[in-house]
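Mapped onto the working numbering, the consecutive letters of the sequence shown carry residue numbers 22 to 186.
Even glycine gets a Cβ: it sits at the ideal position worked out from N, Cα and C.
Nothing here was measured: the structure is a model prediction, and the numbers come from that model.
Contents: one structure, followed by commentary.
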Amino acid sequence: MRHGKKVNHLGRKTAHRKSMLANMACSLIEHKRINTTEAKAKALRKFVEPLITKAKAENNTTEEQNMHNRRVVFSYLRNKYAVTELFKEISVKVADRPGGYVRIIKLGNRQGDNAPMAMVELVDYNELYNPNGNKAKKTTRRSRRGGAKKAEAPVTDVETSQEEE
Numbered sequence: 022m023r024h025g026k027k028v029n030h031l032g033r034k035t036a037h038r039k040s041m042l043a044n045m046a047c048s049l050i051e052h053k054r055i056n057t058t059e060a061k062a063k064a065l066r067k068f069v070e071p072l073i074t075k076a077k078a079e080n081n082t083t084e085e086q087n088m089h090n091r092r093v094v095f096s097y098l099r100n101k102y103a104v105t106e107l108f109k110e111i112s113v114k115v116a117d118r119p120g121g122y123v124r125i126i127k128l129g130n131r132q133g134d135n136a137p138m139a140m141v142e143l144v145d146y147n148e149l150y151n152p153n154g155n156k157a158k159k160t161t162r163r164s165r166r167g168g169a170k171k172a173e174a175p176v177t178d179v180e181t182s183q184e185e186e
């Protein structure tokens, strides 16, 4: 049983798994969307989202902290072009998002071995789900007992013109 085991080892040794996730993360950052198996997609999400959060924190910290964040992210990704892309473009685009930077869409099973496949994408780069970059309006949850206020009927021009005569 897997009680309390949070890491999916993906049938690989530690070094192989870390290298694979780093390569997949670099591909995701470069292409904004990749296809892989569902298990790898879920492992990639847990690998990439903290890195994006570190990149996003660059705007609110000192210069020393910024350099530290870049070095920490580079130690995971091991690709300076991916780190530059992450800190320059992606962090700016997800600056106001509180989390959930990666979306996993299930695609069905692979032809050869029937493995469940998924598409992993960065949420803010998909134009189908949020056309023209418009973000959904934030709403707050309200209780049913509070009730919605009914709008009053506006006064029309016909009523005012009759009063003047």
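In terms of alpha-carbon separation, which member of Lys27, Arg54, Tyr97 and His37 lies closest to Val144? Arg54
Between Tyr122, His24 and Asn81, which lies nearest to Ala46 when the distance is taken from Cα to Cα? Tyr122
Runs of 3 residues minimum, wholly inside the segment 117–145: which ones carry the beta strand (DSSP E) assignment? 123–130 and 137–143
According to DSSP, simplified to helix, strand and coil, what is Arg91? Here Arg91 carries a helix assignment [DSSP, helix/strand/coil].
Taking the alpha-carbon positions, what's the Lys39 to Arg163 distance? The alpha-carbon atoms of Lys39 and Arg163 are separated by roughly 44 Å.
Taking its Cβ as the centre, do 16 or more other Cβ atoms sit within 10 Å of Ala103, making it buried, or is it exposed? With 16 or more other Cβ atoms within 10 Å, it is buried.
Would you be able to state if there are at least three C-beta pairs under 8 Å between the segment 91–105 and the segment 114–121? no
Among Met88, Asn81 and Lys61, which one has its Cα closest to the Cα of Ile126? Lys61
Taking its Cβ as the centre, do 16 or more other Cβ atoms sit within 10 Å of Val28, making it buried, or is it exposed? exposed
DSSP on Asn81, reduced to helix/strand/coil? helix
Inter-residue Cα distance where the pair is Lys34 and Asn81: 37 Å
Compute the distance between the beta-carbons of Arg131 and Glu142, then report whether it is under 7 Å. no
Quick check on the burial criterion: 16 or more other C-beta atoms within 10 angstroms. Buried or exposed for Thr160? exposed
Let me know the secondary structure DSSP gives Asn56 once reduced to three states. strand
Taking Cβ to Cβ, would you say Met140 is nearer than 7 Å to Leu128? yes
Can you tell which of Leu107, Lys26 and Ala136 has the C-alpha that lies nearest to the C-alpha of Ile73? Leu107
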